Amino acid sequence: MYELSMLFLYFIIYAFLGWCAEVAVTAVKQRRFVNRGVMNGPIVPLYGLMATLAGVFLEPKENNLLVFVLGAVVLCAAVEVVAGVILERQFDRRWWDYSDRPMNLKGYICLESSLIKGVLVALAVRFLTPVLHWGLSFLPAIALQILALVLAVVLAVDALVMVYGVHAVRRRWKMSEPIAEYLQQASETIGDGLTTRTLGWYQGYQKRHLAKAFPNLTRLSAEEEHPAANVFAAGIGFYKLFWLFLIGAFVGDLIETVFVWGTSGVLMSRSSLLYGPFSVVWGLGAAILTVVLRGLMDKSDRYIFVGGALMGGVYEYMCSVVTEKLFGKVFWDYSKIPFNLNGRINLLYCVFWGIAAVIWVKEVYPRISALIEKIPMKVGKVLTWVLVVLLAVDVLLSCMALGRMDQREKGIPATNAVQQFLDEQYPDEYLTQRYQNMKLAG
């Protein structure tokens, strides 16, 4: 709880510092104050997220400064792309746009912005975080936890207000033009308990705030916003992404099994779960790459290759760190392969990610998407939720079994029925056979 509170406070501090930087740069350019945060409070969560993830995943103490800066640049670019895509899909709006900048990726990121953000985040985490840790350590643990909890509640309320305000304004936008053109439109009453005056003031404030902070905020096309209603898993939604995850997990497990068998002669289980041939890393990778890179289908292969290599490398690195932190185990180690980063990723496999992205986006995804959409609507929905439940149980059991294995290695005895069940059904011998590539974290 203490470490989680510290991480959250780092997030808040860096989100505030990011807001200050955005406001300062905008003030110099426009000679006036503009609240550049999407929230009502003085924070930009994206910067807090970048700095926090860089501190957790990139291990600044183990890397030299140059490697850490390069890692931070890639991480910041990946976070900005994912955040941009998620916000666009959620609110049907583009929140920022680098289309007029050289070397941009579909307007979500550009080289100049990623370099600046990456360098600043790396320097801040490397040199400022220890100072913040020293300062916060003077506070009692209970005071840190209370402060973190209070700020979390305030942030949650602010986020809810922001989301409501955006959706309220969204119902007033009619065309795919910048919202600044609608700032003079009168607001109408929404809901039974709100007066026209109160809601009109709030919507007017929210419009002005969003228009100043995000002048490029525009609406998606009608086709992107409203996919075919009579087609199962049309567009990019939950059903489509789940099936892409499932197919990617199965195919990825098969590819890894064949690759290991072909290169080493060993038939090794490569599944992430206790039951079924599914690699969660590949499944999530297929879903994430689809969301992020789908917009590049009409671009040259080199753009998709570069995006896939960068995103795949960042994604694999993060998966390695998360699984090691959660279970105390290393599920893959590239330390013996040249050009590796802490044994978690390497240049060769990043190239593989890039090639896989090109093949997936250009050839595989369109065909798989068409096949998924041919599933009858009722059958597809029922089958999806049955598989969701089964997969959720499989994931839960797998996590519990690996977590209990870590407890046994630390000498923690079974003190309840669940732990006893896990010891009996999933002993170390069974798990080491199931996860043959697994080893203790060094």
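All residue numbers for the sequence shown refer to my numbering, where the first residue is 102 and numbers rise by one.
No residue lacks a Cβ here, since even glycine has one placed at the ideal position from N, Cα and C.
Note that the structure is a prediction, hence the values are computed from the model and not measured.
So the alpha helix (DSSP H) D529 belongs to, where does it begin and stop?
529-535
Between which two residues does the alpha helix (DSSP H) containing T516 stretch?
Looking at the DSSP string, T516 is not in any alpha helix (DSSP H), and its letter there is neither H nor E.
So who's on the other strand from N205, going by DSSP bridges?
C211
Leaving aside the five residues before and after F158 along the sequence, list all residues of the same chain whose C-beta is less than 6 Å from its C-beta, in chain order.
M419, V422
L300 - DSSP class collapsed to helix/strand/coil
Residue placement at L300 is flagged as unreliable, the pLDDT there being 40, under the threshold of 50; the coordinate-derived value follows with that caveat. Helix, per DSSP.
Taking DSSP as the reference, what is the three-state secondary structure of L549?
Because the chain is modelled from 102 through 543, residue 549 falls outside the range shown and cannot be assessed.
Quick one: any contact between the region 145-155 and the region 216-228, if contact means 3 or more CB pairs under 8 Å?
For the pair of segments examined, the region 145-155 was found to touch the region 216-228: the number of CB pairs separated by less than 8 Å reaches three.
Go ahead and pull the three-state DSSP assignment for K400.
DSSP places K400 in coil when its eight states are reduced to three.
Considering only the alpha carbon of each residue, which of G512, E417, K511, A116 lies closest to Y435?
E417
Cβ-Cβ separation, V381 to S547 (assumed contact under 8 Å), whole Å
Because the chain spans 102 through 543 in this model, residue 547 falls outside it and cannot be assessed.
Bridge partners - N141, DSSP secondary structure assignment:
Partner(s): none; N141 has no beta bridge.
Bounding residues of the alpha helix (DSSP H) (the contiguous stretch that carries P146):
146-158
Give a yes or no on contact between the region 485-503 and the region 453-469, applying the rule of three or more CB pairs nearer than 8 Å.
no
Label M412 either buried or exposed according to how many other C-beta atoms from any shown protein chain fall within 10 Å of its C-beta, with 16 as the threshold for buried.
buried
If you reduce the DSSP assignment to three classes, tell me which class I337 lands in.
coil
Taking only beta-carbon atoms, is G119 less than 9 Å away from chain C?
The displayed structure is made up of one protein chain only, and chain C is not part of it.
For G384 versus L345, is the C-beta spacing smaller than 9 Å?
yes
Which word fits I513, buried or exposed, when buried means at least 16 other C-beta atoms lie within 10 angstroms of its C-beta?
exposed
Determine which residues share a DSSP beta bridge with N441 and list them.
Paired residues: N447.
What residue from Q246, E525, L256 has the CA that sits closest to A116's CA?
Proximity to A116 across Q246, E525, L256 peaks at L256, based on C-alpha coordinates.
Residues of its chain near Y340, where Cβ-Cβ distance is below 6 Å and the 5 sequence neighbours each way are ignored
Counting only residues of its own chain and dropping the five nearest sequence neighbours on each side, Y340 has a CB closer than 6 Å to the CB of A334, T485.
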